[in-house]
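Notes follow the structure.
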Amino acid sequence: MTDPKRIPLAGVIGSPVSHSKSPRVFRHWLRRYGMPGYYIPMDISSDDLEDALSSLPKLGFVGVNVTIPHKEHVLSIADLVSDRAALIGSANTLIFRDDGKLYADNTDGYGFLENLKQGAPDWNAPDGPAAVLGSGGAARAVIASLIDAGATEIRLTNRTKTRSEALQREFGTKVKVHDWVQAGNMLEGARTVVNATSLGMVGKPEMRVPLDGLSKEAVVTDLVYAPLETALLAHAKSIGCQTVDGLGMLLYQAAPGFERWFGMKPEVDEKLREAILL
Ligand code: NAP
3 MTDPKRIPLA GVIGSPVSHS KSPRVFRHWL RRYGMPGYYI PMDISSDDLE DALSSLPKLG
63 FVGVNVTIPH KEHVLSIADL VSDRAALIGS ANTLIFRDDG KLYADNTDGY GFLENLKQGA
123 PDWNAPDGPA AVLGSGGAAR AVIASLIDAG ATEIRLTNRT KTRSEALQRE FGTKVKVHDW
183 VQAGNMLEGA RTVVNATSLG MVGKPEMRVP LDGLSKEAVV TDLVYAPLET ALLAHAKSIG
243 CQTVDGLGML LYQAAPGFER WFGMKPEVDE KLREAILL
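Note that this note's numbering has the sequence shown beginning at 3, numbered continuously upward.
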């Protein structure tokens with residue numbers, strides 16, 4: 003049993019991990035709610051991952067977030083894997099349970115949907131086709147959550163088409179693969195548009211997909227949050243679309259871990275956004 007007198011410890015494991023914004027998010031909540039606890043970034047190599055995960059609970063850790071490059075590897079180490087982590091094929095939240103079992107979950111899709119619902123309250127997945135650009139790890143979480151939310155058609159494109167085709171095989175016929183060179187065409191009639199590539203991020207190339215097909219009925223969201231307003235979001239806003247930036251996804255995906263480890267559902271609000279953007 004976790005000793006109730008012990009100060010709960012949590013953290014984020016990855017390599018490198020210094021770029022992670024999670025420590026800021028958790029420290030903000032711990033301070034804000036005046037709760038005892040610490041959240042620590044830990045650079046752990048792949049070779050040490052298994053040893054680290056068996057030692058951390060003994061040191062008083064109640065769980066950890068997981069970032070690159072361990073998100074897939076932890077699934078093979080966990081004793082229990084949530085359905086959504088299994089579906090997405092990676093985990094970002096680990097819980098060290100009182101019975102000694104390691105439980106792996108993925109809250110990226112949850113964060114994506116909560117952010118959309120908060121930023122575009124009238125948005126409904128079944129309202130029309132979704133168009134998703136990208137087929138990496140984040141796109142998997144986006145597709146899983148869109149299907150879960152009732153999307154009936156997900157148009158998918160990626161520079162490397164084989165990655166989109168692999169996702170289509172996994173997620174089924176609701177996913178329709180489009181060629182990257184014709185990505186602009188799949189925006190026509192789409193009610194949800196998601197950039198799940200790294201294009202448009204500071205230091206990365208701009209997104210060059212033609213946006214003429216975008217209609218003002220579409221809700222447009224970008225997973226990239228640096229800059230907060232990408233060229234895609236700026237264009238979408240200029241034609242009257244509702245737009246939702248990617249920072250909220252990062253904040254919402256952290257909330258289930260905080261609630262589980264520190265026993266309180268934290269708020270994602272403007273104060274938190276300001277603390278992270280400082
Ligand atoms: P990933 O697995 O490395 O996938 C990267 C994606 O970007 C792939 O689809 C890749 O296409 C595409 N891409 C990269 N460079 C490109 C280029 N020059 N031209 C066309 N496509 C290119 O990364 P990820 O984990 O899915 O993350 C994707 C983005 O989402 C990143 O910017 C990440 O920071 C962001 N993200 C944000 C949140 C959040 O909370 N807001 C959460 C997760 C991820 P190929 O397959 O052809 O390489």
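For each residue, glycine too, the CB sits at the ideal point set by N, CA and C. The model shown is predicted, which means the values in this text are computed figures rather than measured ones.
Distance from the CA of G215 to the CA of S200, rounded to the nearest whole angstrom, comes to 21 Å. By DSSP's assignment, V68 forms a beta bridge with I15.
Shortest gap from the CB of T199 to any heavy atom of ligand 1: under 8 Å. A straight line joining the alpha-carbon of I278 with that of L32 spans about 14 Å. Between V222 and A185 a beta carbon distance of about 14 Å is seen, past the 8 Å cut, so the two are scored as non-contacting. For T175, the secondary structure class from DSSP, reduced to helix, strand or coil, is coil. Scanning the stretch 28 to 65 from its first residue to its last, the whole beta strand (DSSP E) runs of 3-plus residues come out as 40 to 45.
Here the C-alpha atom of V195 lies approximately 29 Å from the C-alpha atom of K267.
Contact between D107 and A143 is ruled out by a C-beta separation of about 12 Å, above the 8 Å threshold. Using a 10 angstroms sphere on the CB of L225, the tally of other CB atoms reaches 16 or more, which defines it as buried. A check of alpha carbon separations from E231 across E219, N197, L82 identifies N197 as the nearest.
The Cβ atoms of G13 and N67 lie closer than 9 Å to each other. If the five residues before and after S17 are omitted, its C-beta is found closer than 7 Å to the C-beta atoms of D45, I46, S47, P71, all from its own chain and listed in chain order.
The beta carbons of V270 and L118 sit no closer together than 9 Å. By the neighbour-count criterion, in which 16 or more other beta carbons inside 10 Å mark a residue as buried, P123 falls on the exposed side. The shortest C-alpha to C-alpha distance from V177 to any of L148, E208, G259 is the one to L148. In the structure shown, A80 adopts coil according to DSSP, grouped into three states. Secondary structure note for V222: its beta strand (DSSP E) is the uninterrupted segment 221 to 224. The Cβ atoms of A220 and R262 do not sit closer than 9 Å to each other.
DSSP places R157 inside the beta strand (DSSP E), whose first and last residues are 156 to 159. Proximity to G191 across Y105, F264, L213, V204 peaks at L213, based on C-alpha coordinates. The continuous alpha helix (DSSP H) containing A277 extends over residues 272 to 279. Separation of K206 and G102 (C-alpha to C-alpha, rounded to the nearest whole angstrom) is 42 Å. Classified as exposed, V204 has fewer than 16 neighbouring CB atoms from the shown chains inside 10 Å of its CB. Each of D150, V179, S217 was checked against the Cα of V134, and the nearest Cα belongs to V179. By the Cβ-count criterion, S57 is exposed, with fewer than 16 other Cβ atoms from all chains shown falling within 10 Å of its own Cβ. Taking the Cβ of Y112 as the reference point, every heavy atom of ligand 1 lies at 8 Å or farther away.
Nearest neighbour of P43 by Cα position, chosen from L11, L158, E208, turns out to be L11. It is roughly 35 Å from the alpha-carbon of S217 to the alpha-carbon of V27.
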